[in-house]
Ligand SMILES: NC(=O)c1ccc[n+]([C@@H]2O[C@H](COP(=O)([O-])OP(=O)(O)OC[C@H]3O[C@@H](n4cnc5c(N)ncnc54)[C@H](O)[C@@H]3O)[C@@H](O)[C@H]2O)c1
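Residue numbers (the numbering used here): 239 to 503.
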């Protein structure tokens, strides 16, 4: 009896996409979306067990290969080792999605130098170092780097100083890399998601005094009437990674259900 395989789109056929923070949440949804469009994948995460399970969940007979590489992107040496592993798997990289990110929810006067540095190391320095190290592996035709930022980059929320600074820095990183990589036809853009229902979100809601009220309130904040899903970010990422956005570089795409366009709650 013939097997039924999911229908795939050939948009990224023969292309290689590296997705960081791909073990869960938004990163996993991005990997799934790119794989559905026939990309060959290298999934990266520091959580080895979750990464192995995430890669296995994507592998299907007849579909493009899915590789995984464990790395803690907070450490530059691990980024160097990661790039060596990626280059041993594929001779080129066509898409890099810098998605791995961390957040500490704490008032500014409790933020230590260590917390600040850790958030910046993962959310900002790692995307820079990985983009820098992988740029030589993009083919002459170029490719795309998509950074996953946040609406925190442009709007203030309580208890988020290091995170907001890291995501604002990512917008500057995007503009500057876009300029320097344009001659090599590598486009660089950022997506700024609003509230997306993932583990990061769950953790934040659970820590609130009234989680149910907070969940309902944050859905109602959105002109489109709901919080986002990882798939909302994934489809926007696929757009910025694909030739459909060939004339777009150095900018950001807000994916927030209209949250940040309201003048009043
Ligand atoms: N969830 C949201 O509401 C939301 C909103 C805006 C932006 N974002 C951004 O989207 C991205 C993904 O968020 P998410 O909600 O899916 O988070 P998540 O916590 O569910 O997943 C993040 C993944 O990154 C990995 N990771 C974290 N630090 C790492 C490191 N040092 N090295 C390697 N891997 C590491 C984790 O192991 C995890 O698998 C983040 O950059 C986050 O800032 C999320």
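Virtual Cβ for every residue (Gly too), placed ideally from N, Cα, C.
Beta bridge counterpart(s) of residue i as assigned by DSSP
i, result
"residue 281", "257, 306"
"residue 490", "428"
"residue 443", "Paired residue(s): none; residue 443 is not in a bridge."
DSSP three-state assignment for residue i, whether helix, strand or coil
i, result
"residue 366", "helix"
"residue 397", "coil"
"residue 239", "Residue confidence for residue 239 is low, a pLDDT of 47 falling below 50, so the modelled location carries little weight; the figure read from the coordinates is stated next. Correct three-state label for residue 239: coil."
"residue 380", "coil"
"residue 386", "strand"
"residue 496", "coil"
"residue 407", "helix"
"residue 484", "coil"
"residue 343", "coil"
"residue 421", "helix"
"residue 250", "coil"
"residue 501", "coil"
"residue 505", "With the chain running from 239 to 503 in the structure shown, residue 505 is simply not present."
"residue 392", "coil"
"residue 299", "coil"
"residue 462", "coil"
Nearest to residue i (by Cα), restricted to the options the options
i, options, result
"residue 491", "344, 432, 436", "432"
"residue 498", "488, 388, 403", "388"
"residue 188", "419, 460, 424", "For residue 188 there is no data in the structure shown, the boundaries of the chain being 239 and 503."
"residue 305", "292, 312, 398", "292"
"residue 300", "267, 287, 276, 313", "276"
"residue 381", "420, 458, 310", "420"
"residue 391", "267, 494, 271, 355", "494"
"residue 290", "343, 302, 471, 309", "309"
Range covered by the beta strand (DSSP E) that runs through residue i
i, result
"residue 333", "333 to 336"
"residue 434", "It is not in any beta strand (DSSP E) - residue 434 carries neither H nor E in the DSSP assignment."
Extent of the continuous alpha helix (DSSP H) to which residue i belongs
i, result
"residue 263", "263 to 274"
"residue 450", "449 to 459"
"residue 317", "314 to 327"
"residue 468", "468 to 479"
"residue 356", "351 to 358"
"residue 289", "286 to 296"
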